[in-house]
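Quick note on numbering: the sequence shown equals residues 70 to 277 in the working numbering. Beta carbons: idealized from backbone N, C-alpha and C, even for Gly. A quick write-up on the structure given underneath.
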Amino acid sequence: MDRAPIEEDSFHHVYNRGVDKRVIFEEDKDYKRFLLYLQVLNDTEVQSPNTFEVLSQRAEEDEKKERLADVVAFCLMPNHFHLLLHECREGGISRFMQRLGTAYTMYFNEKNDRSGALFQGPFKSKLVDDEEYLLGVIDYIHLNPREIEHLSEYRWSSYHDFCNQKKYDKILTAEALNDFTELPKDYRRWITGQHDFSAINHITIDHK
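So this is what it looks like as structure tokens:
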């Protein structure tokens with residue numbers, strides 16, 4: 070299993086893809102359901118899986134919650150996803166990812182009248198082992214769609230929030246970065262110059 074030990078107050082590049090590299094997000098409805106799970110299942114008080122109605126109602130509530138993990142950045146692609154997570158409580162990332170994988174697989178299988186595994190095994194994670202690499206991992210995650218669509222047009226990532234558009238602020242906890250790295254003031258301009266990720270090859274994934 071390609072997974073680093075997860076210790077409290079550490080950052081991890083987390084990813085998974087469809088079994089046999091199959092498409093796991095077939096339509097907008099699928100992306101939106103996964104995003105709902107990213108928001109609502111990241112809560113110590115919520116049990117998973119749960120009914121869509123209960124989770125949707127929970128998503129509309131403004132009350133503060135105790136997160137299992139901090140979601141710092143994400144990108145959903147047709148056959149895989151990337152997350153940058155911060156372990157804010159012991160065992161939080163593992164619990165969160167187990168919930169996420171179970172809930173989305175159940176939804177996808179029911180929608181498509183299929184059974185069996187959807188993902189290529191348990192989630193994979195790489196420890197971001199140097200604070201200087203944090204911004205590189207964020208850029209790498211956000212640049213995933215660049216070969217299929219302009220970043221400003223791609224809806225299924227946290228790129229827009231890093232450009233101060235606050236699209237997924239109910240999912241993200243970017244302030245987890247405050248004690249570790251400083252984000253560029255003009256992230257949109259910054260990311261256009263990022264192409265060389267050789268320094269972080271050990272914490273990225275070949276997603277093709």
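Can you tell me whether D278 is buried or exposed, with buried defined as 16 or more other CB within 10 angstroms of its CB?
Here the chain has residues from 70 to 277 only, and residue 278 is not among them.
By DSSP, does N247 sit in helix, in strand, or in coil?
It is coil, neither helix nor strand.
Would D230 pass as a contact of Y223 if the rule is Cβ separation under 9 Å?
Their beta carbons are not under 9 Å apart, which means D230 does not touch Y223 by this criterion.
Excluding the 5 residues preceding and the 5 following A186 in the sequence, name in chain order all residues of the same chain whose CB lies nearer than 8 Å to its CB.
Same-chain partners within the cutoff: V88, T174.
If we count the other Cβ atoms within 10 Å of its Cβ and call it buried at 16 or more, is H219 buried or exposed?
Result: exposed.
Mapping DSSP to helix, strand and coil, what is Y223?
Three-state DSSP puts Y223 in coil, outside helix and strand.
For R258, name the three-state secondary structure that DSSP assigns.
In the structure shown, R258 sits in a helix (DSSP, three-state: H, G or I).
Just how far apart, CA to CA, sit R86 and F177?
If I take the Cα positions, the gap works out to 14 Å.
If I follow the unbroken beta strand (DSSP E) through L110, where does it start and stop?
It is not in any beta strand (DSSP E) - L110 carries neither H nor E in the DSSP assignment.
Should D139 be labelled buried (16 or more other beta-carbon atoms within 10 Å of its own) or exposed?
With 16 or more Cβ atoms within 10 Å of its Cβ, D139 is classed as buried.
If I measure Cβ to Cβ from D182 and keep anything under 7 Å in the same chain, skipping five residues before and after, which residues do I get?
Correct list: empty, nothing qualifies.
Starting from V141, trace the beta strand (DSSP E) in both directions and tell me its first and last residue.
Segment 139-146, the beta strand (DSSP E) holding V141.
How many Å lie between Y100 and K193 at the Cα?
In a straight line, the C-alpha of Y100 is about 20 Å away from that of K193.
Counting C-beta neighbours from all protein chains within 10 Å, is the total for K277 16 or more, i.e. buried, or is it exposed?
Summary for K277: the model assigns pLDDT 47, below 50, so the residue's position carries little reliability; its value from the coordinates is reported in the next sentence. Label assigned to K277: exposed.
Tell me which same chain residues have a C-beta within less than 7 Å of the C-beta of F266, skipping the five on either side of it?
Within the same chain, F266 has close Cβ partners G205, Y209, T273.
In chain order, what residues of the same chain lie with their CB nearer than 7 Å to the CB of P253, ignoring the 5 residues before and after it?
Within the same chain, P253 has close Cβ partners W259.
Beta-carbon separation of E135 and F80 under 9 Å?
The answer is no: Cβ separation not under 9 Å.
Of all the options D248, Y256, V197, I75, which has the alpha carbon lying nearest to the alpha carbon of L166?
The sequence given here has Met at residue 166, not Leu. That would be I75, whose Cα lies nearest to the Cα of M166.
Going by alpha carbons, who is nearest to G262 out of L212, L203, K239, H271?
Selected option, being the one with the closest Cα: L212.
How far does the alpha helix (DSSP H) with Y84 in it extend, from its first residue to its last?
Y84 -> not in any alpha helix (DSSP H); beta strand (DSSP E) instead, spanning 80-86.
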